[in-house]
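Below is one structure, written out as structure tokens; comments come after it.
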Amino acid sequence: MRSILHFGLLAVATATGLRDTLTRRSDLTAFTKLIDDFELWTFFEELKDITVMVPNDAAYDKLLKMGLDLGAMPSDFTIPILKYHLLHGQIESAKVLAESDTMLVGTALSQPNMTQATPVKLYSESGKVYVETGLQLSAKVLEPDVGFAGGLVHVLDSSLVAPHNITATAWMNGLCKEFLQFMETTGLAAEIESVHDATIFIPSDEAWREMESTLAAMGMNEKQQLLRNHVVQDRVAYRKDLSYEQTLTSVGGQALQVRVDDKSDVWVEDAKVLRTDILWFNGVAHMIDKVVLNNQTNTLPTIPFVDRDQQILAASLSS
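This is how it looks when you write it as structure tokens:
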């Protein structure tokens, strides 16, 4: 009898649309109002088989205390953030909890320099589900698996942060400041930021320091070649895509040999990947433990700079 009652309640819940499901909740009024104010109900409700990550009102109260009112921001600032909360597919919490690895799930946010859907990372820790987003910031799922007609809602303790440019992403990472300095020194910051569908292998600060004497002996052209050889264009290669031996071609024209050892560690040339799937505006980055040296000098044409102030989506959320 109890199981029949549970099934009946679940059927009623999942027969209710997203708007009704959210408006009935007294703790989700801020997100609901944003969807209403920015006229996104049709967009959200036309999509089926989705998961909506909904920050609770306490999460938006925290933003207001930081001086950020998403409702008062321009639509081209707030709408991408809201779309980033909509995931493709019904992702039940049990599925995330059962996974030993992080799950990458595409969202409704599209980026101008990225062909694939902009993803979030789902993972579990101590029996709880978390969502990692831009700047490697995470939100905790407080209430999972709220059903509605067309999908699921997971209630979060904070708003999601859309991926930023590589400069902000590497800076927030805390271990890549030497990489940022090298981008500025070589004058390639704008070029690197404009690479589309990009995979960047970022040497750690320690890796750069180990190369100080070698770098000091290089001319500017050689330094620029070195930096370009850490960037791959037209191939967003997440950790799952680096699970077999392959060759990637950098924007500097260098062939990068990728292999996986018997401990499942990923190597790029002789550099070990220390941290994977760092989400950024135009693709993904991975931290490596060595600087990949030049083994050839041919270069591809300079990539044109594309001015995109939109890269700094939700910058104030990073606090």
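When you line the sequence shown up against mature numbering (1 follows the signal peptide of the UniProt record, and there is no 0), it's residues -15 to -1, 1 to 304, in that order. Idealized CB from N, CA, C, for every residue including glycine. Nothing here was measured: the structure is a model prediction, and the numbers come from that model.
Distance check for residue j and residue i, CA to CA, integer angstroms please.
i      : j      : result
Asp255 : Met58  : 46 Å
Asp182 : Pro97  : 10 Å
Pro40  : Glu195 : 43 Å
Gln209 : Lys106 : 32 Å
Arg113 : Ile273 : Per the sequence shown, residue 113 should be read as Lys rather than Arg. Taking the straight line joining both Cα atoms gives about 29 Å.
Gln101 : Leu72  : 13 Å
Glu31  : Leu25  : 10 Å
Arg220 : Thr184 : 6 Å
Lys162 : Asp190 : 7 Å
Ile151 : Phe266 : 7 Å
Ala124 : Glu117 : 7 Å
Gln231 : Phe133 : 43 Å
Gly172 : Tyr223 : 27 Å
Tyr108 : Val126 : 10 Å
Gly238 : Thr199 : 21 Å
Asp46  : Leu141 : 13 Å
Ser85  : Lys257 : 21 Å
Determine the closest residue to residue i out of the options, with distance taken between C-alpha atoms.
i      : options                      : result
Val81  : Glu110, Gly91, Leu71, Thr63  : Glu110
Val37  : Pro148, Glu128, Ser95        : Glu128
Asp12  : Met88, Leu3, Ala44, Gly119   : Ala44
Thr87  : Leu7, Leu264, Val140, Ser179 : Leu264
Gly159 : Ile187, Ala175, Ala134       : Ile187
Phe29  : Thr199, Gly136, Thr154       : Gly136
Ile64  : Val146, Arg213, Leu120       : Val146
Gly74  : Leu67, Thr92, Ser85          : Thr92
In three-state terms, what does DSSP make of residue i?
i      : result
Phe133 : strand
Glu197 : helix
Gly56  : helix
Val180 : coil
Arg244 : strand
How about residue i and residue j: are their beta carbons less than 9 Å apart?
i           : j      : result
Arg10       : Thr17  : yes
Gly52       : Leu19  : no
Leu122      : Ser95  : no
residue 352 : Val277 : The structure shown does not extend to residue 352, since the chain is modelled only from -15 to 304, so the question has no answer here.
Met157      : Leu120 : yes
In or out: residue i buried (at least 16 other Cβ within 10 Å) or exposed?
i      : result
Leu49  : exposed
Ser228 : exposed
Ser179 : buried
Ala270 : buried
Met99  : buried
Thr154 : buried
Looking at the C-beta of residue i, does it have a partner C-beta in chain D at a distance below 9 Å?
i      : result
Thr118 : This model lacks chain D altogether; it includes just one protein chain.
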